[in-house]
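S.K.:
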Amino acid sequence: MKWKGFTSFAVVSSIMVVTGGCATQGVVKSDASLASQSPATTQSRQDAGKVPPVPATPEAAPQPATGKQPATATKLEPIANAAELKAAMEKIYFNFDSSALSPQARESLVRNSEIMKRNPSATVRIEGNCDERGSDEYNLALGEQRAKEAMKYLTTLGIPAERLTVISYGKEKPVATGHDESSWAANRRDDFVLVRH
Numbered sequence: 240m241k242w243k244g245f246t247s248f249a250v251v252s253s254i255m256v257v258t259g260g261c262a263t264q265g266v267v268k269s270d271a272s273l274a275s276q277s278p279a280t281t282q283s284r285q286d287a288g289k290v291p292p293v294p295a296t297p298e299a300a301p302q303p304a305t306g307k308q309p310a311t312a313t314k315l316e317p318i319a320n321a322a323e324l325k326a327a328m329e330k331i332y333f334n335f336d337s338s339a340l341s342p343q344a345r346e347s348l349v350r351n352s353e354i355m356k357r358n359p360s361a362t363v364r365i366e367g368n369c370d371e372r373g374s375d376e377y378n379l380a381l382g383e384q385r386a387k388e389a390m391k392y393l394t395t396l397g398i399p400a401e402r403l404t405v406i407s408y409g410k411e412k413p414v415a416t417g418h419d420e421s422s423w424a425a426n427r428r429d430d431f432v433l434v435r436h
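Throughout the sequence shown, residue numbering follows the numbering used here, covering 240 to 436 in sequence.
1. Taking only three categories from DSSP, how would you classify Asn378?
2. What did DSSP end up calling Asn358 once you bin it into helix, strand or coil?
3. Please list the segments of the alpha helix (DSSP H) lying wholly inside the stretch 360–426, counting only runs of 4 or more residues, in order along the chain.
4. Does the contact criterion of 3 or more C-beta pairs under 8 angstroms hold for the stretch 369–388 versus the stretch 420–430?
5. When DSSP labels each residue in this structure, what does Arg428 get in the three-state scheme?
6. Give the DSSP-derived three-state secondary structure of Leu324 in the structure shown.
7. Assign Lys391 to one of two classes, buried (16 or more other C-beta atoms within 10 Å of its C-beta) or exposed (fewer than that).
8. Touch check for the stretch 377–397 and the stretch 350–368: three-plus C-beta pairs under 8 angstroms?
9. Take Arg402 and list the residues in its own chain whose beta-carbon comes closer than 8 angstroms to its own, dropping the five residues that flank it on each side.
10. Note down the Cα distance separating Asp419 from Asp375, rounded to an integer number of angstroms.
11. Taking Cβ to Cβ, would you say Arg427 is nearer than 8 angstroms to Tyr332?
12. Can you tell me which of Ala322, Lys387 and Lys325 puts its alpha carbon nearest to the alpha carbon of Ser337?
13. Out of curiosity, what's the CA-to-CA distance linking Lys410 and Gly417?
14. Round the Cβ separation of Ala351 and Leu393 to the nearest angstrom and send it over; I've been treating them as touching at under 8 angstroms.
15. In its own chain, which residues sit with a C-beta less than 6 angstroms from the C-beta of Thr404, not counting the 5 before and 5 after it?
16. So for Leu348, helix, strand or coil by DSSP?
17. Quick one: residues in its chain with C-beta nearer than 8 angstroms to the C-beta of Ser347, no 5 flanking neighbours on either side, listed in chain order?
18. Smallest Cα separation from Lys412: which of Ala389, Asn378 and Gln384?
Below is the structure:
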């Protein structure tokens, strides 16, 4: 009988050790499962209700509010200063005895049209000019034709004709006073003058 009681005691002790070990193992598993959670999950549980820190990386940091939208190719800010607007308008140049627009002249006119589109209240006078060779009458007519060609091209680019006027100065307003090809080339031009901003 004593032996039977000892066996029962041993069985009960073994069960307690086994179940106690399982309980301890279960706690360990529970701690291990917490340790395996991502740091962000653990941190969010600990910092519930706190303001998150500002990211340290410069690309993720919030940008200061400037109140201005970023400039794009389709939406550019108008030029507020009349002097800057006048300076931004590009002259165009012509070959001898010609009013045909060169590729470079067309490129300049495209840029001028973009400036005018950004400044819809601006009106511009196109002034045709010639070099010193030829009669006054001939150069006045040629200067007018040069100004009209520029005006026509600007209207095809979307600038309303009522925002443009033309005038010819012929050879009356040279920018270069020499009597050589480089001076003559500088004088065969259209100027774009801001009339109203």
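The beta carbon of each residue, even a glycine, is placed where N, CA and C say it ideally should be.
M.R.: On the basis of the coordinates in this document:
1. As a first step, residue 378 is located in the sequence shown; it is residue number 139 there, counting from the start. Three-state result, Asn378: helix.
2. Residue mapping note: residue 358 aligns to position 119 of the sequence shown, counting from 1. In the structure shown, Asn358 sits in coil (DSSP, three-state: anything other than H, G, I, E or B).
3. 375–395 and 420–426
4. yes
5. Counting from one through the sequence shown, the residue named residue 428 turns up at place 189. Arg428 falls in the strand class under three-state DSSP.
6. As a first step, residue 324 must be located in the sequence shown, where it is residue number 85. Here Leu324 sits in helix by DSSP.
7. Translated into the one-based positions of the sequence shown, residue 391 becomes position 152. Under this definition Lys391 is an exposed residue.
8. yes
9. In the sequence shown, residue 402 corresponds to position 163, counting from 1. Answer for Arg402: Met355, Ala361, Thr362 and Val363, listed in chain order.
10. Your numbering for residue 419 matches position 180 in the sequence shown. Your numbering for residue 375 matches position 136 in the sequence shown. Each residue's Cα considered, the two are about 19 angstroms apart.
11. Taking the sequence shown and counting its residues from 1, the one referred to as residue 427 is at position 188. Taking the sequence shown and counting its residues from 1, the one referred to as residue 332 is at position 93. Yes.
12. Sequence index remark: in the sequence shown, residue 337 carries index 98 (1-based). Closest option to Ser337, Cα to Cα, is Lys387.
13. Counted from its first residue, the sequence shown places residue 410 at position 171. Counted from its first residue, the sequence shown places residue 417 at position 178. Using only the alpha carbons, I get a separation of about 13 angstroms.
14. Residue mapping note: residue 351 aligns to position 112 of the sequence shown, counting from 1. Residue mapping note: residue 393 aligns to position 154 of the sequence shown, counting from 1. One point to set straight first is that residue 351 is Asn, not Ala, in the sequence displayed. That pair is a contact at about 7 angstroms.
15. Residue numbering aside, residue 404 sits at position 165 when the sequence shown is read from its first letter. Contacts found: Arg364.
16. Position 109 of the sequence shown, counted from the start, is the residue given in the question as residue 348. Three-state result, Leu348: helix.
17. Residue 347 sits at position 108 when you count from the first residue of the sequence shown. Cβ neighbours of Ser347 beyond the five flanking positions: Glu329, Lys330 and Ile331.
18. As a working mapping, residue 412 is identified with position 173 in the sequence shown. Among Ala389, Asn378 and Gln384, the Cα nearest to that of Lys412 is on Asn378.
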